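S.K.:
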Amino acid sequence: MPGGYEEIYRWQAAKLAEADLTGPAPGLGLTVAGPGVVRAGLFGRDYLVDKNGVRPADGGLASPIQLSLVAHYAQSPGRGEPAYEFVPLDRLSGPAPGQPGGGRTLGRDHFDRAMARRFDRDPEALAAAAARLGGRDLGRDPSGGRAWLFHPFPKTPLKLVVHEADEEFPASYRLLFDLSAPAFMVFEALGFLAFLFRKEICELGAGSSQGSGPGPTPAGGEVKRT
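Going by this note's numbering, the sequence shown wraps up at 749, each residue one higher than the last.
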């Protein structure tokens with residue numbers, strides 16, 4: 524993939540001109556919205572995709588990262604169903620040492636630190652933000668934390684596992700990916716998806732604390748209309 528969200532979207536949009544979108548759509552869980560047009564949802568918001576690019580179905584604003592992720596998924600060669608077995612993102616790039624999916628670690632990665640800054644002092648805002656982002660509360664995870672299941676795209680589920688702080692560890696936040704995710708999205712795109720998830724849920728969490736209205740907002744780089 525090229526670098527920069529706007530450049531990535533332009534690259535993806537150029538590929539759309541030659542892509543068969545409607546044929547593979549059912550296998551990706553997408554709906555055909557007209558000749559050469561498919562409808563794709565990303566974190567609860569619908570987008571229309573055709574040979575000219577991606578646009579929000581509601582006519583509103585979207586950011587390059589949102590548009591590029593939708594374009595990428597709409598052109599996915601992936602088939603089959605998710606495994607619903609979850610691991611950290613780095614485990615999808617090849618063998619890597621570390622804790623089993625969902626377990627605690629001594630260090631804090633960028634995602635964990637960003638989530639901690641927003642939610643350590645306001646765990647109720649996390650539950651509210653997760654619900655507004657379409658998350659299903661799974662209750663207690665086998666790893667001991669509380670878990671939520673999200674479907675940013677139909678075939679790429681995510682699991683958020685949160686462990687409360689105790690005398691030995693601070694609170695921890697882990698975003699896990701389905702083992703089948705690389706069949707539907709390349710590794711770099713999954714990294715962008717993790718970034719967008721963190722940005723969306725933290726912004727919704729801030730809104731929950733302030734009592735703002737529902738729904739995710741455009742996120743990730745300069746906002747543009749398409």
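Cβ atoms here follow ideal geometry from the backbone N, Cα and C, with glycine treated the same way.
Predicted model only: the values in this text are computed from it and were never measured.
1. Identify whether residue 641 lies in helix, strand or coil by the three-state DSSP scheme.
2. On the DSSP letters alone, give me the boundaries of the alpha helix (DSSP H) that residue 678 sits inside.
3. Considering only residues of the same chain and omitting the five flanking positions on each side of residue 532, which have a CB-CB separation below 6 Å?
4. If you draw a straight line from the C-alpha of residue 565 to the C-alpha of residue 676, how long is it?
5. Ordered along the chain, which non-local residues of its own chain (more than five positions away) have a Cβ less than 8 Å from that of residue 728?
6. Looking at C-alpha atoms only, which residue of 561, 555, 659 is the closest neighbour of residue 673?
7. If you compare alpha carbons, which of 550, 546, 559 is closest to residue 540?
8. Quick check on the DSSP output: the alpha helix (DSSP H) that includes residue 593 runs from which residue to which?
9. Looking only at C-alpha atoms, which of 563, 545, 528, 616 sits nearest to residue 710?
10. Nearest CA to the CA of residue 655: which residue from 568, 632, 662, 684?
11. Cβ of residue 606 within 8 Å of Cβ of residue 701?
12. What did DSSP end up calling residue 704 once you bin it into helix, strand or coil?
13. How far does the beta strand (DSSP E) with residue 602 in it reach, from first residue to last?
14. Output needed for residue 552: all residues of its chain with C-beta closer than 8 Å, excluding positions within five of it in sequence on either side, in chain order.
M.R.: By the coordinates alone:
1. In the three-state reduction of the DSSP assignment, residue 641 falls in the helix class.
2. First-last for residue 678: undefined, no H or E at that position.
3. Around residue 532, the same chain offers 587, 590, 591 as residues with beta carbons nearer than 6 Å, after the five sequence neighbours per side are excluded.
4. Approximately 6 Å, taken between the alpha carbons.
5. For residue 728, same chain residues with a beta-carbon under 8 Å away, outside a window of 5 residues either side, are 641, 642, 645, 648, 649, 651, 652 in chain order.
6. For the residues 561, 555, 659, the minimum Cα distance to residue 673 belongs to 659.
7. Checking every option, the nearest Cα to that of residue 540 belongs to 559.
8. For residue 593, the uninterrupted alpha helix (DSSP H) segment begins and ends at 587-597.
9. For residue 710, the nearest C-alpha among the options comes from 616.
10. The shortest C-alpha separation from residue 655 is found at 568.
11. Contact flag set, yes.
12. In the three-state reduction of the DSSP assignment, residue 704 falls in the helix class, which pools H, G and I.
13. Bounds of any beta strand (DSSP E) do not take in residue 602, whose DSSP letter is neither H nor E.
14. Only 676, 677, 678 meet the Cβ criterion.
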